[in-house]
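Down below is the structure, laid out as structure tokens.
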Amino acid sequence: MKYSAVRTTFSPGIQIAFLMLIIFMSACSNNAENTEKAGIAISFDDHFINDWYELRPLFQKYGAKVTFFVTCGDTLTTDEIAKLKQLEKDGHEIGFHGTVHGKSTELIAAVGPAKYAETELTPGLHYMKLAGFAPQSYAHPGGNHNDQVDSVLLATGFKILRDVAISRRKMFGVQLYALAPRLMDWIFYPFDQEKIVDALLIDTDAELTAEEMKEAITKAKKTGTALMLFGHQPLYSQPKNGAYGFDVAFLEKILKEAHEQKLQFYKMSELPAK
Ligand SMILES: [Zn+2]
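For the sequence shown, counting from 1, position 237 maps to 237 in UniProt numbering; every step adds exactly one.
Next up, the structure:
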């Protein structure tokens, strides 16, 4: 009684000030907890092993850990295996990106789940195993999948399945849509143990700007999420002769910004485990 009597002597203004202080303090402690997890998960697809290997000094400069999704494991040369081993030793992850890089939805509709696995998964995984790798993450070839494909992949033991998100889509030279990456909630991993995720394509044809990436990195930092990005071949000039990939200078801007904002670098299999 005495306590409440004392409390009622505070003016409404002071009571509101107390309430705001409590809200502010709790918001601060939540933020501190969240921002510690804030991070970035960058991955690279296909079979550009020699080019990826050349990026080692860049990764080391910013303390970056990334994931390489390898396709066509049957064609891995001794030299490529040694390079992937070194990348793994550096702390990067070696994931899997299919054996034949097929359209999984068409394949599974035509031949069924067992034959789909026999064609796209088993042979490549066998070669990866022979080479000494045990991939825990999968990137859908061509970003093509459905629930049935996902269930086969999850039953195979993959911890996370990565699809493709695109911020701009053009058809016959006409832009159909353009989305700022910071508004694409689905490319920010909220650490909810979800195993089916989307990463934003950073190849040159996505026409992303450094400013957009800075905004997206800032959003990851503020929301305690992990920004998921991916690209293909590292390029040092405009793509020629059907080459598809990302500008290495652009990648460096992303790494630098993430490093400066003290984001964690996540390997893909780490996301659902955190
Ligand atoms: Zn691919």
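For every residue, glycine included, the Cβ atom is placed at its ideal position computed from N, Cα and C.
(request) Leaving out five residues on either side along the sequence, give the residues of the same chain with a beta carbon under 6 Å from the beta carbon of Gly102. (result) Within the same chain, Gly102 has close Cβ partners Glu120.
(request) Can you tell me which of the three DSSP states Thr119 falls into? (result) Note: Thr119 maps to helix in three-state DSSP.
(message) Applying the 10 Å Cβ sphere with the 16-neighbour rule, what's the burial state of Met20?
(response) Here Met20 scores only 49 on pLDDT, less than 50, and its place in the model is too uncertain to base an answer on.
(request) Taking only heavy atoms of ligand 1 into account, decide whether any of them is closer than 7 Å to the Cβ of Thr99. (result) False, no ligand heavy atom lies under 7 Å from that Cβ.
(request) Classify Glu260 as buried or exposed, calling it buried when 16 or more other Cβ atoms lie within 10 Å of its own Cβ. (result) Its Cβ having fewer than 16 others within 10 Å, Glu260 is exposed.
(request) Report the option in Met128, Lys170, His97, Ala216 whose CA atom is closest to the CA atom of Ile40. (result) Proximity to Ile40 across Met128, Lys170, His97, Ala216 peaks at Ala216, based on C-alpha coordinates.
(message) Quick check on DSSP: helix, strand or coil for Lys222?
(response) DSSP, reduced to helix, strand and coil, places Lys222 within a helical segment of the structure shown.
(message) Less than 7 Å between C-beta atoms, sequence neighbours within five positions excluded: which residues of the same chain meet that for residue 286?
(response) Coverage of the chain is limited to positions 1 through 274, which leaves residue 286 absent and any answer about it impossible.
(request) Return helix, strand or coil for Glu93, following the three-state DSSP convention. (result) In this structure, Glu93 counts as strand in the three-state DSSP scheme.
(message) So for Thr75, helix, strand or coil by DSSP?
(response) Judged by DSSP in its simplified three-state form, Thr75 adopts helix.
(request) Tell me whether the beta-carbon of Pro57 lies closer than 8 Å to the beta-carbon of Lys159. (result) Inclusion of Pro57 and Lys159 in the CB contact set at 8 Å is not warranted, their separation being larger than that value.
(message) I need the DSSP call for Met171, collapsed to helix, strand or coil.
(response) Of the three classes helix, strand and coil, the one that applies to Met171 here is strand, per DSSP.
(message) Following a CB-centred definition, is Thr209 positioned closer than 7 Å to any heavy atom of ligand 1?
(response) With a threshold of 7 Å, the Cβ atom of Thr209 does not count as near ligand 1, since no heavy atom of the ligand is closer than that.
(message) Quick check on Phe158: does DSSP put it in helix, strand or coil?
(response) In this structure, Phe158 counts as coil in the three-state DSSP scheme.
(message) Need the endpoints of the beta strand (DSSP E) that Asp247 sits in, please.
(response) In the DSSP assignment, Asp247 falls within the unbroken beta strand (DSSP E) covering 245 to 247.
(message) Let me confirm a value: Phe24 is counted as buried when at least 16 other C-beta atoms fall within 10 Å, else exposed. Which label applies?
(response) Here Phe24 scores only 45 on pLDDT, less than 50, and its place in the model is too uncertain to base an answer on.
(request) Please name the residue or residues paired with Ser137 in a DSSP beta bridge. (result) According to DSSP, which records beta bridges pairwise, Ser137 is partnered with Ile160.
(request) Keeping to the same chain, check which residues put their C-beta closer than 8 Å to that of Val111; ignore five residues upstream and five downstream. (result) Excluding sequence neighbours, Val111 sits near Thr119.
(message) According to DSSP, is Gln233 part of a helix, a strand, or is it coil?
(response) Here Gln233 carries a strand assignment [DSSP, helix/strand/coil].
(message) At the level of alpha carbons, what is the spacing between Met268 and Lys89?
(response) Here the alpha carbon of Met268 sits roughly 16 Å from the alpha carbon of Lys89.
(request) Please check the pair residue 277 and Ala199, which I expect to be a contact at CB under 8 Å, by giving their CB distance rounded to whole angstroms. (result) What the structure shows of the chain is the stretch from 1 to 274, and residue 277 is not part of that stretch, so it cannot be assessed.
(message) Going by the DSSP bridge assignment, what does Met228 pair with across the sheet?
(response) DSSP, once it has assigned bridges, lists Ala41 as partnering Met228.
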